[in-house]
Amino acid sequence: MSALEPHAVRAVLDALLPRRTPGATRAVLGAGIDVDHALTDGRAFLGSVAEHGWGTPRWPREHGGAGLDEAGADRLQTIVAEYERPDLYPFLIGLSMVGPILIAHGTADQQRRHLDPIRRGDEVWCQLFSEPEAGSDLAALRTRAVRDGDGWRIDGHKLWVSRAAFAAFGLLLARTGPVEAKHAGITAFVLPMDAPGVRIEPIAQMNRDEHFYEVRLEDVRLPDANRIGPVDGGWRVAMSTLERERASVADAGVGPEVVVALLREHGAVDDPAWTSRAASALVAASLPAIGAEVGRPVGGKLLLAAAGREIAALARDLRGPAAAVEGGPWSTLDLTAPSLSIRGGTDEIQLNVIAERTLGLPREPRAS
Ligand SMILES: Cc1cc2nc3c(=O)[nH]c(=O)nc-3n(C[C@H](O)[C@H](O)[C@H](O)COP(=O)(O)OP(=O)(O)OC[C@H]3O[C@@H](n4cnc5c(N)ncnc54)[C@H](O)[C@@H]3O)c2cc1C
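Be aware that the sequence shown starts at 130, since it is given in the working numbering, and climbs by one per residue.
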């Protein structure tokens, strides 16, 4: 059976999930979800589609994926979106980032140990990249990994670590060379989040979620077997999947039928002022998928973040200012949309990337 014969995919999904009510909103990147439920439901879903590789559509088949290209994975995603699929936010770093990294750069032991639990949802991962002085300028990170006999001693401070409190492992970037070496002095590690010396503290979020954390690392010991890729080669390891992560973190998860239902509910469906605003947001939201389909990728994360913000603003204007704080999915979207322009790389950094890499404009001066 081809994984992408839509009727065959639907036949499997029909037995697993209810169809989605047209026009119903769904959570944006886990915003507003109950994490315990999401973990249980997500695990059950990922376990039941594991034999088809649909939780990991772009992983190669030999590692349990569906072996699809980006356009194929988008088509599968469109079919899955017809169903009440559990929110896979808790599992995103493992599925879209760590898995592909271990497939490309991990040792056979690391692949054997982690890939199956990741794709089945048995192992949640977080991403320990950002620091107080290293966000956009990630290459300035200062968390240190120092040789300690056969292994490593880690000391440092990570910030904005989504999922840290319920992750079993973290993908850690630490400095193994001098700070001046910037990109060239960074190494990637597998960090067990329950290792002695790992301290996790919650950060309050304006959308009322408790999904992200500050992580302090004091005298944490790791065996060398936890190193991913070469010493000082962590930048290439981390960057190899960041582009893909970027697009996935900006998906506001609101499709055309949801927006049309919103317009209908507020009697705005015949009003060109409202419909043209809705149309422009939905066009922006569709462009990355169209670009992937025709093999001409466009600034996916930037467009998706803009679309998310525009749709949230449209809903706020239709529902009135009080609705922004009354709770429920639209108010959660409203309070979450600004983060789409920050997490996974800010809008300004995306513009720099497009200017320099796509348009070939002169590179901005670097601090060093
Ligand atoms: C909801 C959420 C979840 C997150 N989850 C994680 C996570 O799981 N793991 C993790 O490691 N990190 C995570 N982050 C952190 C995120 O990656 C950083 O916030 C982001 O990269 C920006 O870094 P910063 O906050 O230090 O801002 P800064 O880098 O200090 O930027 C401040 C402002 O300056 C602008 N700016 C900076 N440099 C330039 C430049 N060269 N040109 C033009 N403008 C510039 C930025 O665009 C921004 O507007 C998360 C953030 C959010 C909001």
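For every residue, glycine included, the Cβ atom is placed at its ideal position computed from N, Cα and C.
May I ask you to check if the CB of D216 is nearer than 7 Å to at least one heavy atom of ligand 1?
Taking the first residue of the sequence shown as position 1, residue 216 is located at position 87. No, Cβ of D216 sits at least 7 Å from all heavy atoms of ligand 1.
Assuming contact is defined by CB atoms lying nearer than 8 Å, are L231 and L244 in contact in what I supplied?
Taking the sequence shown and counting its residues from 1, one reaches residue 231 at position 102. Taking the sequence shown and counting its residues from 1, one reaches residue 244 at position 115. Yes.
Identify whether S131 lies in helix, strand or coil by the three-state DSSP scheme.
Within the sequence shown, numbered from 1, the residue matching residue 131 stands at position 2. Reliability fails at S131, whose pLDDT of 47 lies under 50, so the model's placement of it is uncertain and no value is given.
N481 beta carbon near ligand 1 (any heavy atom closer than 7 Å)
For this step, residue 481 is matched to residue 352 along the sequence shown. For ligand 1, at least one heavy atom lies less than 7 Å from the Cβ of N481.
Using 8 Å for Cβ pairs, my map puts G437 next to I483. What's the rounded Cβ distance?
In the sequence shown, counting from the first residue as 1, residue 437 sits at position 308. In the sequence shown, counting from the first residue as 1, residue 483 sits at position 354. Rounded, the Cβ-Cβ distance is 18 Å, inconsistent with contact.
With DSSP collapsed to three states, give me the class of R273.
If you number the sequence shown from 1, residue 273 lands on position 144. It is a strand residue.
Length of the line joining the Cα atoms of I208 and L133:
Counted from its first residue, the sequence shown places residue 208 at position 79. Counted from its first residue, the sequence shown places residue 133 at position 4. Answer to the nearest angstrom: the Cα atoms are 9 Å apart.
Going by beta-carbon coordinates alone, are R276 and A179 separated by less than 8 Å?
By one-based count along the sequence shown, residue 276 stands at place 147. By one-based count along the sequence shown, residue 179 stands at place 50. No, they are not a contact pair.
Residue(s) in a DSSP beta bridge with W281
Here residue 281 corresponds to residue number 152 of the sequence shown, with the count starting at 1. R276, L351.
L257 CB to nearest heavy atom of ligand 1 below 7 Å
As a working mapping, residue 257 is identified with position 128 in the sequence shown. L257 Cβ: within cutoff of ligand 1.
Since E394 is in the alpha helix (DSSP H), which residue starts that stretch and which ends it?
Here residue 394 refers to the residue found at position 265 when the sequence shown is read from its first residue. Here the alpha helix (DSSP H) through E394 covers 385 to 394.
Hey, would you say the C-beta of T499 is under 7 Å away from at least one heavy atom of ligand 1?
This structure cannot speak to residue 499, because the chain is shown only from 130 to 497.
What are the start and end residues of the alpha helix (DSSP H) that includes F174?
In the sequence shown, counting from the first residue as 1, residue 174 sits at position 45. 164 to 178 is the span of the alpha helix (DSSP H), which, as asked, contains F174.
So D190 is in the beta strand (DSSP E); what residue range does that whole segment cover?
Sequence index remark: in the sequence shown, residue 190 carries index 61 (1-based). It is Arg, not Asp, that sits at residue 190 in the sequence shown. Run containing R190: none; DSSP gives neither H nor E here.
Can you find a CB in chain C that lies within less than 8 Å of the CB of D277?
No chain C appears in the structure shown, which is made up of a single protein chain.
Between W188 and P229, is the Cβ-Cβ spacing less than 8 Å?
Counting from one through the sequence shown, the residue named residue 188 turns up at place 59. Counting from one through the sequence shown, the residue named residue 229 turns up at place 100. Their beta carbons are under 8 Å apart, which means W188 touches P229 by this criterion.
In the region 414 to 444, which residue ranges form an unbroken beta strand (DSSP E) of at least 3 residues, counting only runs that do not cross its ends?
none
For E455 and A390, I'd like the C-alpha separation in whole angstroms.
Here residue 455 corresponds to residue number 326 of the sequence shown, with the count starting at 1. Here residue 390 corresponds to residue number 261 of the sequence shown, with the count starting at 1. Spanning the two alpha carbons is a distance of roughly 20 Å.
DSSP three-state call for D143: helix, strand or coil?
The sequence position of residue 143 within the sequence shown is 14, counting from 1. In this structure, D143 counts as helix in the three-state DSSP scheme.
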